[in-house]
Amino acid sequence: MRTIELNKRQEQIVEIVKDRGPITGEQIAEKLSLTRATLRPDLAILTMAGFLDARPRVGYFYTGKTGAQLLTEKVGKLTVKDYQSIPVVVSESASVYDAICTMFLEDVGTLFVVNGSSYLAGVLSRKDLLRASMGKQDLESIPVSIIMTRMPNITTCQPTDLLLDVAQTLISKQIDGMPVINNTEVDGEAKMEVVGRLTKTNITKVFVDIANNKIV
Ligand code: ADP
């Protein structure tokens, strides 16, 4: 994984290219009194990270982008599949009691309710289950299908969606997470197969990765 923080030599290279670009690797090496081979990894890093552009037979150019701009560009390209977690699901026929047990055992805050196989039918949050527990009903006899938020009122995302868009949706809809789905068709009927879970925790991980220079 490449860090966006540059070491001293990489900073020197950027300065040289800024002043003298387009400039060949050979010429940069000469200025730093180093061999071309020594510089190769640094040039590769700077090009990959987007600070420099390389053109065959011309040399290296400075792209004019700051570390912050490049980071913003990279964060803007992250997708759901880079950060999604494994979904935790319960069947539509499961009881509220079963769902509470699953939530504790699996240590998640949102459960997805599926019918038949793994097709999305509903969502259960912590508060949905708490609300159902406030009455005096027998929790083992209430199916989750009665209390869940159901289709088509579920906000979903797909593996290729941009993480930034999903984060924006989590905020605007005031929800903790959403199922990651694959749209499929079964016997001519549109279905949503649950393939992942994307929550505020996943978004928090992006924040930590940025601070630790782990965004490629
Ligand atoms: P909590 O209610 O435990 O704080 P949320 O804020 O995620 O958790 O959920 C608020 C309400 O929105 C709940 O009734 C829940 O069923 C519903 N909900 C949660 N996630 C979604 C989603 N992805 N799409 C639609 N509704 C959702």
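At position 14 of the sequence shown (counting the first as 1) the number is 57 in this note's numbering, and the numbers step up by one without a gap.
For every residue, glycine included, the Cβ atom is placed at its ideal position computed from N, Cα and C.
- Apart from the 5 residues on each side of it in sequence, residue 85 sits with its Cβ closer than 7 Å to the Cβ of 52, 53 and 56 in its chain, given in chain order.
- For the ligand ADP, the residues with a Cβ under 5 Å from any of its heavy atoms are, in chain order, 166, 168, 169, 170, 171, 192, 197, 198, 218, 219 and 221.
- Ranked by Cα distance from residue 221, the first of 230, 192 and 138 is 192.
- Three or more beta-carbon pairs separated by less than 8 Å link the stretch 97-113 to the stretch 63-83, which places the two stretches in contact.
- Bounds of the alpha helix (DSSP H) holding residue 249 are 243-254.
- Distance from the CA atom of residue 233 to the CA atom of residue 226, rounded to whole angstroms, is 7 Å.
- Setting aside the 5 residues that flank it on each side, residue 242 is surrounded in the same chain by 219 and 220, each with a C-beta closer than 6 Å to its C-beta; the list follows chain order.
- Exposed is the label assigned to residue 99, since fewer than 16 other Cβ atoms lie within 10 Å of its Cβ.
- For the options 248, 252 and 90, the alpha carbon positioned closest to that of residue 108 is the one of 90.
- Burial check for residue 92: the Cβ neighbour count within 10 Å reaches 16 or more, so the residue is buried.
- Around the C-beta of residue 240, 16 or more other C-beta atoms lie within 10 Å, and the residue is accordingly described as buried.
- Segment contact: the stretch 116-128 against the stretch 202-210, three or more CB-CB distances shorter than 8 Å; contact assigned.
- 9 Å or more divides the Cβ of residue 229 from the Cβ of residue 199.
- Counting only unbroken stretches of 4 or more residues, the alpha helix (DSSP H) elements lying wholly within the stretch 112-147 are 123-126, in sequence order.
- Between residue 253 and residue 210 a beta carbon distance of about 13 Å is seen, past the 8 Å cut, so the two are scored as non-contacting.
- Counting every other CB atom within 10 Å of its CB across the protein chains shown gives residue 217 a total below 16, marking it as exposed.
- Assignment of residue 236 by DSSP, reduced to helix, strand and coil, places it in the strand class.
- In this structure, the beta-carbon distance from residue 237 to residue 151 does not fall below 9 Å.
- Partner residues in the beta bridge of residue 155, as assigned by DSSP, are 132 and 166.
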